[in-house]
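For reference, the structure discussed in these notes is given below.
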Amino acid sequence: MQTMREIVPTPPSVIRNDVASVQNLFQKHVVPSYGRFDIVLSHGLGSYVHDVTGKRYLDLGAGIAVNALGHAHPAITEALIEQSRRLVHISNFYYHESQGRLAQRLVQLIGPGKVFFGNSGVEANEGLFKLARKFGHDEGRFEIITTINSFHGRTLAGIAATGQEKVRKGFEPLVPGFRQVPYNDLEAMREAISPATIAIMVEGIQGEGGVTPAPPEYLLGLRRLCNEHKLLLFMDEVQAGHFRTGRFQSYQRILEGISGAEDFLPDAVSMAKSLGGGFPMGAFWVRAPYADLLGSGTHGTTYGGSPLGCTVALKVLEVIDKEKLADNARKVGTLLKEGLQCLQRKYPSIIRNVRGLGLMIGLELAPDIANLPGDATRTQAVRFANLLHAAGVLTIPAGAQILRLLPPLNLSEDDAKQGLKIIEQVASGLV
Ligand SMILES: Cc1ncc(COP(=O)(O)O)c(C=O)c1O
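Spelled out as structure tokens, the structure:
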């Protein structure tokens, strides 16, 4: 039996100081669809990543809520290695055990229903859009109502569902059948329902839109509206799900202890990001009465639910359970949020607001921070993130004014305190 050290030798702390040459490769050969920071990463361990110059960063972004167990977690590495020795991929013409076991686990965590596996968040949402179309087809109902500032992904249907002008601009005409109303506004949702409406899709916490949680009464109201009008209620939990808030899905956390919410279930839930802990995976769960709507031959994807992906996803769930990472997300999330709220009180000219649940936290910057250095054509969020990078912390911008903290679920209290210290250092340097 090989030891982990033999299988995965510790990488050198400095690989090569070749920032410019890597950037040059990208400029020449990679489609420039992303705005990137001037950082070339080489390796990571736990909640830290290193760049090629040897600089270490506390990773409070975790690949946009993906690296649930941090970097190079031995359980993930081992699962990848062991499973890849047996079966990496088979087609969905055949059965394999881990897809069935992962689906069973997700059903246990959400409720009676079934699961479809894909490769990404937007693909999970696409599956739900097709489910809605199938459900409403014979009655001529097809319209899906989503919310302003939502984010549901970058495919053509994904951008039509997304309530942000900037993601759609230049890609019109949009896929028909999507309409947006203000988030957390039940009356607006009620008024928008038409005879053509078939489904409502919302995030439990809007992520890209700036970390805005839904209040419990909104979710309960949406459930009632859907029941009254025979609509499907879809929760997009791609970013907020997978125990980030302290419960498996964010709606479960939001509705915790709320009377009348005991039996709340959406009709479907989309998942991705943390599901594979870094291995690209997406999935949707669909409630029992609708679970067989997408029958044989109606939907599919080559890589969905591969032996490798499902084995890793099962391992991620096992580690979250064993190491009580849902509790950790609550505990360390509270520490981080309260620490940031303290900084907000101390530096009101820098930090305007702090919000979120568990380890999904939004830090809203004050408008027009006077001494914020950097290229004035870039947003405040990007310029503040650059200062944090220089000080050794990674965060994820959301819009022009907000930075997201979406760290690994196993972030330690000490590392959270270290992050707060660095954020304070940057904030205090601006007043
Ligand atoms: C709520 C939500 N839905 C869908 C997506 C799309 O996921 P993916 O980028 O994996 O397609 C994202 C990505 O950020 C998201 O935050």
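Here the sequence shown is numbered in our numbering, starting from 238 and rising by one per residue. Note that beta-carbon positions come from the ideal geometry of N, C-alpha and C, so glycine has one too. Since we're looking at a predicted model, the values are computed, not measured.
Margin query: Whole angstroms are fine: how far does the CA of Val523 sit from the CA of Met238?
Written below: Note that Met238 scores a pLDDT of 48, beneath 50, so its modelled location is shaky; the value from the coordinates is reported in the next line. Spanning the two alpha carbons is a distance of roughly 41 angstroms.
Checklist line | Contacts around Pro413, its chain only, beta-carbon distance under 7 angstroms, and the 5 residues preceding and following it disregarded | finding: Cβ contact annotation for Pro413 (same chain, cutoff 7 angstroms, sequence separation greater than five): none.
Next item on the list: In angstroms with no decimal places, state the Cα-to-Cα distance between Met518 and Lys561.
Entry: If you draw a straight line from the Cα of Met518 to the Cα of Lys561, it is about 23 angstroms long.
Item checked: Member of Glu402, Thr632, Phe408 and Ile382 whose CA lies at the smallest distance from the CA of Leu393 -> For the options Glu402, Thr632, Phe408 and Ile382, the alpha carbon positioned closest to that of Leu393 is the one of Phe408.
Check: The beta strand (DSSP E) with Ser321 in it runs from where to where?
Finding: For Ser321, there is no enclosing beta strand (DSSP E); the enclosing alpha helix (DSSP H) covers residues Pro311 to Arg323.
Notebook entry, point to check: Where does Leu625 fall in DSSP's three states?
Noted result: Helix, per DSSP.
Notebook entry, point to check: If we count the other Cβ atoms within 10 Å of its Cβ and call it buried at 16 or more, is Pro644 buried or exposed?
Noted result: It counts as buried.
Item checked: Ile588 versus Gln578, Met597 and Gly595, residue with shortest Cα-Cα distance -> The residue with the shortest Cα to Cα distance from Ile588 is Gln578.
Checklist line | Whole runs of the beta strand (DSSP E) within the stretch 473-511, excluding any shorter than 3 residues | finding: Every beta strand (DSSP E) of 3 residues or more that sits fully in the stretch 473-511 is shown, in chain order, as 505-508.
Margin query: Quick check on the burial criterion: 16 or more other C-beta atoms within 10 angstroms. Buried or exposed for Val325?
Written below: Exposed: under 16 other Cβ atoms inside 10 Å.
Notebook entry, point to check: Is the beta carbon of Gln476 within less than 8 angstroms of some heavy atom of ligand 1?
Noted result: The answer is yes for Gln476.
Check: Would you report the Cα separation of Ile660 and Ile606, rounded to the nearest angstrom?
Finding: It is roughly 15 angstroms from the alpha-carbon of Ile660 to the alpha-carbon of Ile606.
Item checked: With 16 other Cβ atoms within 10 Å as the buried cut-off, status of Leu642 -> Burial call: buried.
Notebook entry, point to check: What do you get for Val553, buried or exposed, if any count of 16 or more other CB atoms within 10 angstroms of its CB means buried?
Noted result: Counting Cβ neighbours within 10 Å, Val553 comes out buried, since at least 16 surround it.
Item checked: Length-filtered (3 minimum) beta strand (DSSP E) runs lying within the stretch 593-623 -> Listed in chain order, the complete beta strand (DSSP E) runs (minimum 3 residues) inside the stretch 593-623 are 597-602.
Note to self: Check this for me: beta carbons of Phe480 and Leu368, under 9 angstroms apart or not?
What the structure shows: Not closer than 9 angstroms, so no.
Next item on the list: With distances taken Cα to Cα, identify the nearest neighbour of Phe563 among Gly478, Ile381, Pro432 and Glu363.
Entry: Per the sequence shown, residue 563 should be read as Ala rather than Phe. Checked all of Gly478, Ile381, Pro432 and Glu363; the closest Cα to Ala563 is Gly478.
Margin query: At the level of alpha carbons, what is the spacing between Gly666 and Gln476?
Written below: Roughly 32 angstroms separates the two Cα atoms.
Checklist line | Buried versus exposed call for Val251 [16 or more other C-beta atoms within 10 Å across all chains shown] | finding: For Val251, the predicted structure reports a pLDDT of 48, less than 50, and the residue's modelled location is therefore unreliable. The matter cannot be settled from this model.
Next item on the list: Reducing DSSP to helix, strand and coil, say where Ala451 ends up.
Entry: In the structure shown, Ala451 sits in coil (DSSP, three-state: anything other than H, G, I, E or B).
Notebook entry, point to check: For Leu338, which residues from the same chain have a beta carbon less than 7 angstroms from its beta carbon, with the 5 sequence-adjacent residues on both sides left out?
Noted result: Reading the sequence as shown, one finds Arg at residue 338 and not Leu. Here the set comprises Leu551.
Note to self: Using 9 angstroms as the threshold, is the C-beta distance between Ser507 and Gly595 below it?
What the structure shows: No, Cβ-Cβ distance for Ser507 and Gly595 is not below 9 angstroms.
Item checked: Same chain, Cβ closer than 8 angstroms to Val448, five either side skipped, listed in chain order -> Counting only Cβ-Cβ distances below 8 angstroms, and skipping sequence neighbours, we find Ile442, Arg592, Gly593, Met597, Ile598, Gly599, Ala635, Ile639 and Arg641.
Margin query: My assumption, with CB atoms under 8 angstroms, is that Leu469 sits in contact with Ala436. Please give the rounded CB distance.
Written below: Contact flag correct, Cβ pair sits at about 4 angstroms.
Next item on the list: Look up Met518 in the DSSP assignment and say whether it is helix, strand or coil.
Entry: Residue state, collapsed to three classes: coil.
Next item on the list: Report whether the distance from the Cβ of Asp473 to the nearest heavy atom of ligand 1 is below 8 angstroms.
Entry: Within the chosen limit of 8 angstroms, ligand 1 reaches the beta carbon of Asp473 through at least one heavy atom.
Next item on the list: Have a look at the DSSP bridge pairing and note the partners of Leu642.
Entry: Residue pairing by DSSP places Leu642 opposite Ile598 in a beta bridge.
Notebook entry, point to check: Does DSSP put Ile659 in a helix, a strand or coil?
Noted result: DSSP places Ile659 in helix when its eight states are reduced to three.
Margin query: Can you confirm whether the stretch 377-390 touches the stretch 425-436 when touching is taken to mean that 3 or more C-beta pairs between the two stretches lie within less than 8 angstroms?
Written below: Touching, yes, given that three or more Cβ pairs across the two stretches are closer than 8 angstroms.
Notebook entry, point to check: Are Ala305 and Ala312 closer than 9 angstroms when you measure CB to CB?
Noted result: With contacts defined by Cβ atoms closer than 9 angstroms, Ala305 and Ala312 do not form a contacting pair.
Check: Where Asp651 and Phe501 are concerned, what is the direct C-alpha to C-alpha distance, given to the nearest angstrom?
Finding: Cα to Cα, the separation comes out at about 36 angstroms.
Check: Mind checking whether the beta-carbon of Gly444 lies closer than 8 angstroms to any heavy atom of ligand 1?
Finding: Because some heavy atom of ligand 1 lies under 8 angstroms away, the Cβ of Gly444 counts as near it: yes.
Margin query: Could you pull the DSSP bridge partners for Ile442 from this structure?
Written below: Answer by DSSP bridge pairing, in chain order: Pro450.
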